[in-house]
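Read the structure below first, then the notes.
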């Protein structure tokens, strides 16, 4: 079907044609997109125009091009809210998927210099440290490496974090009054790659988060997400 005539450049109209098929569900994730030759014939445009449209949609993460195989609709990236502190289990449920967690470790430690500064506690004070991998269905989507102020959440070690997330427990015992986010693009450490089941060297999205309750720091956490699965989004007004 030839493209409708609009003021937009031809390649942009090709992009819109493909995007609309994806948006309305006609082409679901993993659907094979027609070849460049097929799109040229169907849309009545040049191969160069089609090539540019496919290249840009691939760069934007909407398509995946496999050499010698074809072009396919990509899995939509999971959205991480930039300005909110949410329960990951609720986010996954809202997408209609199943959350489960694997607890790697939960233990008591003595605060080193970095942990003491992050939690605003004296050096060597008792703190709790947990490492948990969160799954959406059977895909690891977040590694949570968390330090907790033991004075604020004294029963942390007694919780079953396969049944309740640390977020749920901590917001119950120390309601959130303030939060801080620092976002970085990083390469995951070898151990993190193993826990997330990703290739060594895969870019990841790292969120460093601290939260407060009634003026006291409750927790300092590193949230590592495979970069191929996530995007950040936020909305603000001036």
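Numbering (UniProt numbering), first residue to last: 1 to 238. Ideal Cβ positions, reconstructed from N, Cα and C, are used throughout, including at glycine.
Assignment of beta-bridge partners to residue 226 by DSSP yields 204. For residue 203, the closest alpha carbon among the candidates 179, 212 and 186 is that of 186. DSSP places residue 142 in the uninterrupted beta strand (DSSP E) bounded by 139–149.
Excluding its 5 nearest sequence neighbours in each direction, residue 176 has C-beta neighbours in its own chain below 7 Å: 85, 211 and 213, listed in chain order. Classified as exposed, residue 122 has fewer than 16 neighbouring CB atoms from the shown chains inside 10 Å of its CB. Distances from the alpha-carbon of residue 141 to those of 92, 69, 178 and 153 put 92 closest. Taking 8 Å as the upper bound for CB-CB distance, residue 196 and residue 143 are in contact here, some 6 Å apart.
For residue 107, the enclosing beta strand (DSSP E) starts and ends at 99–110.
Only residues of its own chain outside the window of five on either side were considered, and among them 108, 110 and 150 have a CB closer than 7 Å to the CB of residue 126, listed in chain order. Ranked by how close their Cα comes to the Cα of residue 178, the residues 216, 193, 156 and 163 have 216 in first place. Taking the Cα of residue 138 as reference, the smallest distance to any Cα among 193, 100, 20 and 21 is reached at 100. Proximity to residue 27 across 224, 105, 74 and 191 peaks at 74, based on C-alpha coordinates. Put simply, of 20, 49 and 118 the residue whose alpha carbon is nearest the alpha carbon of residue 209 is 118. In terms of Cα proximity to residue 223, the closest of 22, 198, 174 and 184 is 184.
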